[in-house]
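Here is the structure we will look at.
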Amino acid sequence: MFDSGIGGLTVLKEVRKLLPHEHVIYLGDTARVPYGNKSPQTITKYALESAIFLLTKGIKILVIACNTSSALALNILKKKLPIPVLGVIDPGAKEAVEHSQNKRVGIIGTKATVKSMAYVKAIRRLDPGVEVLSKACPLFVPIAEEGLEDDKIAYLVAEKYLEEFKGSSIDTLVMGCTHYPILEGVIKTVMGHGVTIVNTGRETAKAVKNALEQKKIINDTGKGGSEYFVTDSPESFREIGSRFLGEDITHVKFLKSLDYKDYLLFP
Ligand code: DGL
């Protein structure tokens with residue numbers, strides 16, 4: 038599983054709950070985070086580098102935990118990799134379409150995710166009659182990383198970003214970014230009772246389980262675990278990541294770069 042940084046740990050948290058017997062190798066590209074403001078070319082290049090690193094670890098399935106990378110690079114990774122590849126967009130879109138009664142769905146994510154229209158396209162593929170409203174909420178990422186989810190600043194920012202959804206009669210809102218589950222309480226409070234919030238990480242975990250079952254490569258016995266690799270500052274990954282994951286992260290390995298010459302030839 039890879040992400041631009043620590044955010045994907047909200048996806049890992051859900052995967053661990055559903056697949057406790059699997060061994061998960063998590064790569065956070067913390068040296069180059071955030072991806073959400075970068076160009077499609079750069080995001081795709083970074084995704085390919087992360088995927089190649091994880092392939093060298095002998096993985097049986099690849100989960101793109103990052104919404105931005107899923108939005109821009111899922112198709113190319115699916116085409117190029119010899120193993121199954123899953124992103125977070127399709128599972129989130131599926132849940133939104135199945136859940137929405139009035140066929141009006143909101144999407145929040147990074148600028149790059151929203152601009153890519155990946156969620157809109159995924160939802161329309163499932164049901165062309167669904168109306169989709171999207172909004173980039175970039176400040177949610179630093180607010181979550183700073184641990185300010187219960188501070189009034191989080192409410193002010195959420196009010197500002199989400200105000201256009203409030204008069205729009207959406208009944209379902211997809212958290213299309215890894216960090217947003219940390220702010221789920223604030224988002225729920227601002228949107229009110231009539232709107233269901235979709236956690237894409239939770240839906241992705243179900244999709245990963247289905248894929249492993251279908252391909253008959255699931256581990257349903259034995260002790261699972263997680264292994265962590267980052268491209269910058271293992272200490273801050275441990276500290277912020279433990280909060281995102283909801284459990285202590287003790288051991289994190291530092292990768293000096295995602296250039297294969299660095300980790301294969303001169304590890
Ligand atoms: N992981 C990213 C996502 O889910 C958010 C952080 C970033 O911009 O890199 O879109």
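Numbering (the numbering used here), first residue to last: 38 to 304. In this text, a Cβ means the ideal position worked out from N, Cα and C, and glycines have one as well.
### Task
Name the residue from Lys158, Phe281 and Glu221 whose alpha carbon lies nearest to the alpha carbon of Glu183.
Phe281
### Query
His136: beta carbon under 8 Å from a heavy atom of the ligand DGL?
no
#### Entry: Inter-residue CB distance, His58 and Gly259 (contact presumed, cutoff 8 Å)
5 Å
### Query
Hey, would you say the C-beta of Ala102 is under 8 Å away from at least one heavy atom of the ligand DGL?
yes
### Message
Which of the three DSSP states is assigned to Tyr265 in this structure?
### Response
strand
#### Entry: Endpoints, the alpha helix (DSSP H) within which Leu92 is located
Pro77 to Leu92
### Query
Which value, in whole angstroms, describes the spacing of the CA atoms of Leu220 and Ser171?
18 Å
#### Entry: Residues bridged to Tyr63 [DSSP beta-bridge criterion]
Tyr265
### Task
Taking only runs that begin and end inside the segment 145-193, name each unbroken beta strand (DSSP E) of 3 or more residues, in chain order.
168-173
#### Entry: Enclosing beta strand (DSSP E) for Leu111 [first to last residue]
Note, Leu111: premise wrong, no beta strand (DSSP E); alpha helix (DSSP H) at Asn104 to Lys117.
### Task
Starting from Lys97, follow its DSSP beta bridges and name the residues at the other end.
In the DSSP output, where bridge partners are listed per residue, Lys97 has none listed.
### Query
Any idea which residues DSSP pairs Leu123 with across the strands?
Val100
### Task
Using alpha carbons as the reference points, say which of Glu186, Gly146 and Cys103 lies closest to Asp66.
Cys103
### Message
Taking the straight line between their C-alpha atoms, what separation do you get for Leu193 and Thr226?
### Response
12 Å
### Task
Just the C-alpha distance for Leu301 and Lys197, rounded to the nearest angstrom, thanks.
47 Å
### Query
Which residues, in chain order, sit with a beta-carbon under 7 Å away from any heavy atom of the ligand DGL?
Asp40, Ser41, Gly42, Gly44, Gly45, Val70, Pro71, Tyr72, Gly73, Asn74, Cys103, Asn104, Thr105, Gly146, Thr147, Thr150, Val178, Cys214, Thr215 and His216
### Query
Under the three-state reduction of DSSP, which class applies to Thr241: helix, strand or coil?
helix
### Task
Check whether the Cβ atoms of Ala133 and Ile160 sit closer than 9 Å, and answer yes or no.
yes
### Task
Would you tell me roughly how many angstroms separate the C-alpha atoms of Ser137 and Val232, rounded to the nearest one?
9 Å
#### Entry: DSSP beta-bridge partners of Asn306
Residue 306 is absent from the model: the chain starts at 38 and stops at 304.
### Message
Can you check which of these residues, Asp188, Ile62 and Thr215, is closest to Ile145 by C-alpha distance?
### Response
Thr215
### Task
Check each candidate in Pro218, Leu118 and Ser153 and name the one with the smallest Cα separation from Phe177.
Pro218
### Supposed contact pair Tyr63 and Glu3 - C-beta distance, whole angstroms, cut 8 Å
Nothing about residue 3 can be reported from this structure: the residues present for the chain run from 38 to 304 only.
#### Entry: Nearest neighbour of Val307, chosen from Leu292, Ser270 and Tyr156 [CA to CA]
Outside the displayed range of the chain (38 to 304) lies residue 307, so it cannot be described from this structure.
### Task
Measure the Cβ-Cβ separation of Ala244 and Asp127 and say whether it is below 9 Å.
yes
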